[in-house]
Amino acid sequence: MKYADIIAKGKALGLTDLELYVQTNNGMNMRLFEGKLDTYNEKSYFGIAVRGLYEGKMGFAYAETLDNIDELLEKVIQNAKNLSTTEKEFIYDGSGTYENVKEEVADFGKYSNQDKIQMLQKLEKSILDSDERIKKVSYCNYQENAVVAQIINSKGVNLSRNLSYSSVFAGAVAEANGETAVGFSGDIGYEFEKLELERIRKEVVKDATGTLGAGSIETGTYPVVFRRSVATELLQAFVSLFSGESAKKNLTLLKGKEGTKVFGDNITIYDDPFVENAIVKIPFDDEGVPCHTKTLVENGVFKMFLHNLATADYFQTASTGNGFKSSVASSVRVGPTNLYLQPGQYTFDDLLKSMNSGIFVTEINGLHAGANPISGAFNVQATGYYVKDGKIERPITLFVISGNFIEMLNEVEMIADDLEKRFVGVASPAFKVRKLKISGK
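FYI, our numbering numbers position 408 of the sequence shown as 390, with every residue one higher than the one before it.
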């Protein structure tokens, strides 16, 4: 059945406005262990979600097949009848200008599964051969995905976007003097032969062997450099601060502070659906609203929240094109496209060289439980290195970093120029914080 026919059928049943959100996802995952293929899975998914206005209330239903459209539409109507919430929902009218985005198409279809297995074997062997202290490659995975999302509604919207990519990730265990440590890394991209296996090897081996024999650190206040991956994790944990949904629910300290200087002068944060570094270029959100570049923070001044249609209506403003679903079956929430901290002019080495006595953080644990996006507070266990006179002196572990995200972004002294070349969703370069509380021995 054509999607236009589904809309016509729904209108005949009394649904005044309808929206179809359709997604297909085809992919593959393989895992190597000790040189042999250990896991191989293919996936092929289809899902359709229908929203429809019935007697002034918005109903919703979804299915994973088109075999029972009549039943699906009846569920939409029944769910609308049973709806008790007074929350407004909207179907987009298609106004606005859509950017013409070049969709990159991954080339993994040109290569056989044997090519991909041999790539993993090469990576696994190179990691094992790098250092005698590497005792095991704990995982060596390759994955590919091809996703198509379509939005068709009764107001004339008919949109489609495509995303395809492949990725490879590896982890290893190092051992010496009865102690073990782990390292991991990965890459993601469109071109199979340009996946950076050598960089992955170096990072896995360096992380695993570099933290062997890690000791403790004295409790105190130290300057801290966060590796870009850790800085990204922290930014991701507090991204809801910038959500209009959080503002509506009074769950962000930034509410009412538009136009106010909240962060340090060197902090600028963008949400850019078209940024070159991002794997995903997003011309429209999951409500069909055109996406555009937003400056959320400029030189420390908080400028704006991200909105979907519902939060935009609540605050009497326009949607920013940030209405997204976590799955076909889920409701639309507010989320970023490609949100990132603007890189600085310093090299990563410049950050380390600037510390007389400080800490370089390479890994944090417990962020999910240890971060409070409402208050901005965080308390996480970490691993890294003690830095003396601008040089890494020794590995350290099992120390706890405590602080407040907003306060921390007022204490950033230096920002590196090392924003990830290819990222998904949220990213940050490495940065140096003037001081943070460290709990050690």
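C-beta: ideal position from N, C-alpha, C; glycine also. Please read all numbers here as calculations on a predicted model, not as lab measurements.
Legend entry - Identified DSSP bridge partners for Val316: Gly305
Legend entry - Alpha carbon of Glu393 to alpha carbon of Ala292, nearest angstrom: 35 Å
Inset, instruction - Reducing DSSP to helix, strand and coil, say where Asn144 ends up. - result: strand
Inset, instruction - Check whether the Cβ atoms of Leu105 and Asn159 sit closer than 9 Å, and answer yes or no. - result: no
Inset, instruction - Confirm, please, whether the CB-CB distance from Ser148 to Gly168 is below 9 Å. - result: The beta carbons of Gly168 and Ser148 sit no closer together than 9 Å.
Inset, instruction - For Leu233, I'd like the list of residues in its chain whose CB is within less than 6 Å of its CB, leaving aside the five on either flank, ordered along the chain. - result: Ile356
Legend entry - Identity of the residue in Ser308, Glu53, Asn8, Leu216 nearest Ser384 by Cα: Leu216
Inset, instruction - Go ahead and label Asp267 buried or exposed: buried means 16 or more other beta carbons lie within 10 angstroms of its beta carbon, across all protein chains shown. - result: buried
Legend entry - For Gly(-4) and Tyr36, believed in contact at Cβ under 8 Å, the rounded distance: 6 Å
Inset, instruction - Output yes or no for whether 9 Å exceeds the beta carbon distance between Leu323 and Asn304. - result: no
Legend entry - Beta-carbon contacts of Asp371 that lie in its chain and below 7 Å, excluding the five residues immediately before and after: Asn338
Legend entry - Uninterrupted alpha helix (DSSP H) stretches inside the region 69 to 152 (no shorter than 4 residues): 95 to 112
Legend entry - Cα-Cα separation, Ile(-12) to Phe42: 14 Å
Legend entry - Residue(s) in a DSSP beta bridge with Pro272: Phe266
Inset, instruction - Give me whichever residues DSSP pairs with Lys39 in a beta bridge. - result: Tyr36
Legend entry - Alpha-carbon to alpha-carbon, Glu56 and Glu69: 22 Å
Legend entry - Three-state class that DSSP yields for Ser26 in the structure shown: strand
Inset, instruction - Verify whether the separation of the beta carbon atoms of Met101 and Leu65 is less than 9 Å. - result: no
Inset, instruction - Within the same chain, show all residues whose beta-carbon is closer than 6 Å to that of Val283, passing over the 5 residues directly before and after it, in chain order. - result: Lys243
Inset, instruction - Run the CB neighbour count on Asp20, radius 10 Å, all protein chains shown included, and call it buried at 16 or more, exposed below. - result: exposed
Legend entry - Complete beta strand (DSSP E) runs within the region 341 to 395 (minimum length 3 residues, chain order): Runs found: 359 to 370, 373 to 386.
Inset, instruction - Rank Ile251, Val155, Asn281 by C-alpha distance to the C-alpha of Ile116 and give the top, closest one. - result: For the residues Ile251, Val155, Asn281, the minimum Cα distance to Ile116 belongs to Val155.
Inset, instruction - Tell whether a beta-carbon distance below 9 Å holds between Glu85 and Asn140. - result: In this structure, Asn140 does not lie closer than 9 Å to Glu85 by Cβ.
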